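Heads up: the structure comes next, in structure tokens.
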Amino acid sequence: MRIVIAEDDPLLREGLALLLRAEGLEVVATAGTPDELLTAIDQYEPDVAIVDVRMPPTHTDEGVRAAAEARRRRPGIAVLVLSAYVEPAFATDLLARGSARLGYLLKERVGRVEEFLTALYRVAGGGTAVDPEVVAQLLARSRPDDALAPLSPREREVLALMAEGLGNAAIAEKLVITEGSVHKNIGRIFAKLGLAPDDRADRRVIAVLRYLGLTPGPG
Amino acid sequence: MPLRTIRRGVDALEIVVSGLGTGILALGVLLWTLLVGVACLVGVGFRLLPTVRRAAHAVADRERARLAVAGSGSARQEIVWLILHGTVGFLLGAVGITLPVYVVEDVTFPLWYRFLDPEQGGPGVIWWRVDEPADVAAVVLTGVGFAVLTIVLGPVLAWLQAYPGRRLLGGSLSRRVAELTATRAAALDAHAAELRRIERALHDGTQNRLVAVTVLIGAARRAADRDPDAAGDLLDRAQDATEQALAELRGVVRSILPPVLDDRGLAGALAGLAASCAVPCTLDVDVPGRCAVSVEATAYFVVAEALTNIARHSGATSATVLVRRAGDRLSLSITDDGRGGAAEDGGSGLGGIRRRVAAYDGRFRLTSPPGGPTTIDVELPCGS
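Following this line, the structure appears as structure tokens:
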């Protein structure tokens, strides 16, 4: 797996590179600005780009826009966007071009190396990683009809993990239940919410997120 | 006649005379306007029309400055004012300047009437034949009368002369409201700029440092089994990053509002800085009223950074800090007699000053030729 890192803070950039290299991953380039990132993508043709949201010059959402541009230039690339704080609007922007090979995580998740690597591999493998914090914010939104009320606590947990982009096996492992049980829970959730059941994580994540109020475009 | 009335009369006279200045200008522009108007009749004046507009506006601005009124009247209002001020205003000014001349002439008449031919009469409006002491006394009395008239009429003349300007050039109530709205917006802008600066400082500094700490600790945990030496190295780095985060957090907290500003105001806070500076420092602060708190905090930051710089890098033996407020601008000037050649790079803190000043739409200028002296000039909108 060939990785480029775009992060304007030098200490953090080097720390990330250090961590990934120590795990035996190939960091082919690091960048401090969106332009450097796009140049590195053209030059090194990486499989994954890890991108900070706030970068020069305005330190607002340069990373989100650079991520969109990277996906446009190199459709097969996986992009993992890191951010110091989560903003569902950014997730909406990012998911506008589909949820495949896309991650949006809080920066500090990197410190939980094992979970971070799992998310990284999932995104590189074509999946999705949405930060639990984003999902929590979406779930906490009050809805006029409170459509989530019929869900049992267990079903809510499963829904949240689906929204994060986890597959059935990963959900089962996380909740310490069997895959069959996960499958049944998902069936009940989709029935209660009136969604078409779908076992494939990559397709259902967008359906679930959209249901929860993220409004990405057709993807 | 009470002293206060006299003083008011004399003040008014001064105003009327200054009004004569703009009156003459207005008259000049008026004549020019007539000339251009005539030239228009024969077809060559149209190209000169813009000069009329510009000249009228320039004179109107002068009058605004004289009357200390703010605003921007329409072209029509300025032309009406021009006609009034170039005629009535000019005449009032002429009267205003003639009256005291009469007073001086008449009162001093006993000293020099002998040199005159009695047939000529007295000075100014004195029409009667003067050859006896009683006639002279009458002239002096007339002078006293003029003096009283001057003092009584002065304020009336001044008021009449300024009236068209105030009415036509000055700000209406709605304009005043617009001005207040603008200054209030400026204060809010300063506030927003300060919040943005703090947010940026916390995010780009402290928060990123702490993320780095957690990344490094995460890496260290992973390395602990494989390679204990590497883990130790990572933990060292994590500790460094923690200390950096703490240092930055301290800096941010102190920069938000140095407590001393609240206690002693800007002048007092700067006096504290000057007193604790390693280089002898002369402080000259003349800032009436108070600026927005965040502006004062920025001014304090600028002086603190500049003095730290002087003490560390300049080799100076003395420094001067000058703080002034002109209108809605707070200007700071920090000079030292050191070796000069200061540059913004090289961690001198000057870059920090520039960034913080820029956050306020302020101006920053560094003059530091090799050999010195070094001067930092900063201008900040007061936001009030």
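One line per chain: the protein sequences are A and B, in this order.
Heads up, the first sequence is in this note's numbering, so the first residue is 3 and it goes up one at a time.
Heads up, the second sequence is in this note's numbering, so the first residue is 425 and it goes up one at a time.
Cβ atoms here follow ideal geometry from the backbone N, Cα and C, with glycine treated the same way.
Every value quoted in this text rests on a predicted model; they were computed, and no experiment measured them.
Worksheet entry | Limits of the unbroken beta strand (DSSP E) element including Ile448 (chain B) | Against the second sequence, residue 448 (chain B) aligns to sequence position 24. Careful: Ile448 (chain B) lies outside any beta strand (DSSP E), inside the alpha helix (DSSP H) at Leu427 to Leu465.
Item to complete: Could you confirm whether any beta carbon from chain A is found closer than 8 Å to the beta carbon of Ala740 (chain B)?
Response: Position 316 of the second sequence, counting from 1, holds the residue named residue 740 (chain B). No, because no Cβ of chain A sits closer than 8 Å to the Cβ of Ala740 (chain B).
Worksheet item: Grouping DSSP H, G and I as helix and E and B as strand, with all else coil, what is Pro805 (chain B)?
Response: Sequence index remark: in the second sequence, residue 805 (chain B) carries index 381 (1-based). Here Pro805 (chain B) sits in strand by DSSP.
Fill in: Cβ-Cβ distance between Ile79 (chain A) and Ala51 (chain A) below 8 Å
Position 77 of the first sequence, counted from the first residue, corresponds to residue 79 (chain A). Position 49 of the first sequence, counted from the first residue, corresponds to residue 51 (chain A). Cβ atoms of Ile79 (chain A) and Ala51 (chain A): closer than 8 Å.
Worksheet item: Can you tell me the Cα-Cα spacing of Val564 (chain B) and Leu449 (chain B), whole angstroms?
Response: In the second sequence, counting from the first residue as 1, residue 564 (chain B) sits at position 140. In the second sequence, counting from the first residue as 1, residue 449 (chain B) sits at position 25. Roughly 35 Å between the two C-alpha positions.
Worksheet item: If we count Cβ pairs, one from each stretch, closer than 8 Å, do we get three or more for the region 121-136 of chain A versus the region 432-445 of chain B?
Response: no
Worksheet entry | Whether Leu690 (chain B) touches Gln585 (chain B) by CB criterion (8 Å) | Working through the second sequence from its first residue, we reach residue 690 (chain B) at position 266. Working through the second sequence from its first residue, we reach residue 585 (chain B) at position 161. No, they are not a contact pair.
Practice prompt. For the region 16-28 of chain A and the region 634-653 of chain B, state whether three or more C-beta atom pairs, one from each stretch, are separated by less than 8 Å.
Written response: yes
Item to complete: Return no unless some Cβ of chain B is closer than 8 Å to the Cβ of Leu168 (chain A).
Response: Taking the first residue of the first sequence as 1, we reach residue 168 (chain A) at position 166. No, no contact with chain B.
Discussion item. For Ser413 (chain B), report the span of its alpha helix (DSSP H) as first-last.
Written reply: As displayed, chain B neither begins before 425 nor continues past 808, which places residue 413 (chain B) out of reach and without an answer.
Worksheet item: Do you know how far the Cα of Asn632 (chain B) is from the Cα of Ala665 (chain B)?
Response: As a first step, residue 665 (chain B) is located in the second sequence; it is residue number 241 there, counting from the start. As a first step, residue 632 (chain B) is located in the second sequence; it is residue number 208 there, counting from the start. Cα to Cα, the separation comes out at about 9 Å.
Discussion item. Below 8 Å on the Cβ atoms is my contact criterion, and I expect Arg763 (chain B) with Ser738 (chain B) to pass it. Report the Cβ-Cβ distance as a whole number of Å.
Written reply: Walking along the second sequence from the start, residue 763 (chain B) turns up at place 339. Walking along the second sequence from the start, residue 738 (chain B) turns up at place 314. Between Ser738 (chain B) and Arg763 (chain B) the Cβ distance is about 6 Å, and since that is below 8 Å, they are a contact.
Worksheet entry | When B:Arg780, B:Val711, B:Val462 and B:Ala721 are compared against Ala750 (chain B), the one with the closest alpha-carbon | As a position in the second sequence, residue 750 (chain B) is number 326, starting the count at 1. Of the listed residues, the one whose Cα sits closest to Ala750 (chain B) is B:Val711.
Discussion item. Helix, strand or coil for Gly796 (chain B)? Go by DSSP, reduced to three states.
Written reply: Along the second sequence, read from residue 1 onward, the residue named residue 796 (chain B) stands at position 372. Coil.
Practice prompt. Can you tell me which of B:Phe514, B:Asp785, B:Ser757 and B:Gly796 puts its alpha carbon nearest to the alpha carbon of Gly765 (chain B)?
Written response: By 1-based counting over the second sequence, the position of residue 765 (chain B) is 341. The shortest Cα separation from Gly765 (chain B) among B:Phe514, B:Asp785, B:Ser757 and B:Gly796 belongs to B:Gly796.
Worksheet item: If you draw a straight line from the alpha carbon of Asp657 (chain B) to that of Tyr87 (chain A), how long is it in whole angstroms?
Response: As a first step, residue 657 (chain B) is located in the second sequence; it is residue number 233 there, counting from the start. As a first step, residue 87 (chain A) is located in the first sequence; it is residue number 85 there, counting from the start. Between Asp657 (chain B) and Tyr87 (chain A), the C-alpha separation is close to 29 Å.
Discussion item. Does the CB of Ala463 (chain B) have a neighbour CB from chain A at under 8 Å?
Written reply: For this step, residue 463 (chain B) is matched to residue 39 along the second sequence. Answer no: the Cβ-Cβ gap between Ala463 (chain B) and chain A never drops below 8 Å.
Fill in: Proximal chain B residues relative to Leu21 (chain A), where beta-carbon distance stays under 7 Å
As a working mapping, residue 21 (chain A) is identified with position 19 in the first sequence. In chain order: Val639, Gly642 and Ala643.
Discussion item. Which residue marks the beginning of the beta strand (DSSP E) containing Phe788 (chain B), and which one marks its end?
Written reply: Within the second sequence, numbered from 1, the residue matching residue 788 (chain B) stands at position 364. Note, Phe788 (chain B): beta strand (DSSP E), Arg787 to Thr791.
Practice prompt. Within the same chain, show all residues whose beta-carbon is closer than 7 Å to that of Gly219 (chain A), passing over the 5 residues directly before and after it, in chain order.
Written response: Working through the first sequence from its first residue, we reach residue 219 (chain A) at position 217. With a pLDDT of only 47 at Gly219 (chain A), under 50, the local geometry of the prediction cannot be trusted, and no value is derived from it.
Item to complete: With 7 Å as the C-beta to C-beta threshold (strictly closer), list the residues of the region 81-115 of chain A near chain B in chain order.
Response: Ala86, Lys109, Glu110, Val112, Gly113, Arg114 and Val115
Discussion item. Along the chain, where does the beta strand (DSSP E) containing Ala782 (chain B) start, and where does it finish?
Written reply: On the second sequence, residue 782 (chain B) is found 358 positions in, with the first residue counted as 1. Premise fails: Ala782 (chain B) lies in the alpha helix (DSSP H), Leu774 to Ala782, not in any beta strand (DSSP E).
Item to complete: Run down chain B in chain order and give the residues with a C-beta less than 8 Å from the C-beta of His185 (chain A).
Response: For the purposes of this step, residue 185 (chain A) is taken as the residue at position 183 of the first sequence. By Cβ distance, chain B contributes nothing, its closest Cβ being about 33 Å from His185 (chain A), past 8 Å.
Discussion item. Check for me: the beta strand (DSSP E) holding Tyr106 (chain A) runs from which residue to which?
Written reply: In the first sequence, the residue the question calls residue 106 (chain A) occupies position 104. Residues Leu104 to Leu108.
Discussion item. For Ala702 (chain B), which residues in the same chain have their Cβ closer than 6 Å to its Cβ, ignoring the five residues on either side in sequence?
Written reply: As a first step, residue 702 (chain B) must be located in the second sequence, where it is residue number 278. So the list reads Ala735, once near-sequence residues are dropped.
Discussion item. Considering only the alpha carbon of each residue, which of B:Phe514, B:Val572, B:Gly629 and B:Ala740 lies closest to Asp530 (chain B)?
Written reply: Reading the second sequence from its first residue, position 106 is the one you call residue 530 (chain B). Checking every option, the nearest Cα to that of Asp530 (chain B) belongs to B:Val572.
Discussion item. Output needed in chain order: residues of the region 19-53 of chain A with a Cβ under 8 Å from some Cβ in chain D.
Written reply: Any reference to chain D falls outside this structure, whose protein chains are A and B.
Discussion item. Can you pull out the residues from the region 3-16 of chain A whose beta carbon lies closer than 7 Å to at least one beta carbon of chain B?
Written reply: Asp11, Leu13 and Leu14
Fill in: Pro220 (chain A) at chain B interface by Cβ criterion, 8 Å
Walking along the first sequence from the start, residue 220 (chain A) turns up at place 218. Because the pLDDT at Pro220 (chain A) is just 48, under 50, the model does not fix this residue reliably, and the point stays unresolved.
Item to complete: Run down chain A in chain order and give the residues with a C-beta less than 7 Å from the C-beta of Ala647 (chain B).
Response: Within the second sequence, residue 647 (chain B) is the residue found at index 223, counting from 1. Neighbours of Ala647 (chain B) on chain A, chain order: Ala24.
Discussion item. Please confirm whether Gln631 (chain B) has its beta-carbon closer than 8 Å to some beta-carbon of chain A.
Written reply: Stepping through the second sequence from its first residue, residue 631 (chain B) is reached at position 207. Cβ-Cβ to chain A under 8 Å: yes for Gln631 (chain B).
Worksheet item: Can you name the start and end residues of the alpha helix (DSSP H) that Ile191 (chain A) belongs to?
Response: What you label residue 191 (chain A) is simply residue 189 of the first sequence in a count that begins at 1. Here the alpha helix (DSSP H) through Ile191 (chain A) covers Glu181 to Leu195.
Item to complete: Flag Val676 (chain B) as yes if its beta-carbon sits less than 8 Å from any beta-carbon of chain A, otherwise no.
Response: For the purposes of this step, residue 676 (chain B) is identified with residue 252 of the second sequence, where counting begins at 1. False, the Cβ-Cβ gap to chain A never drops below 8 Å.
Practice prompt. Would you kindly report the start and end of the unbroken alpha helix (DSSP H) that includes Val572 (chain B)?
Written response: In the second sequence, counting from the first residue as 1, residue 572 (chain B) sits at position 148. It spans Pro557 to Leu592 - the alpha helix (DSSP H) in which Val572 (chain B) sits, taken as one unbroken run.
Worksheet item: Using a Cβ-Cβ distance under 8 Å, would Val635 (chain B) count as near chain A?
Response: Numbered from its first residue, the second sequence carries residue 635 (chain B) at position 211. By this cut-off, Val635 (chain B) is an interface position.
Worksheet item: What residues in the region 766-793 of chain B bring their beta carbon closer than 7 Å to a beta carbon of chain A?
Response: none
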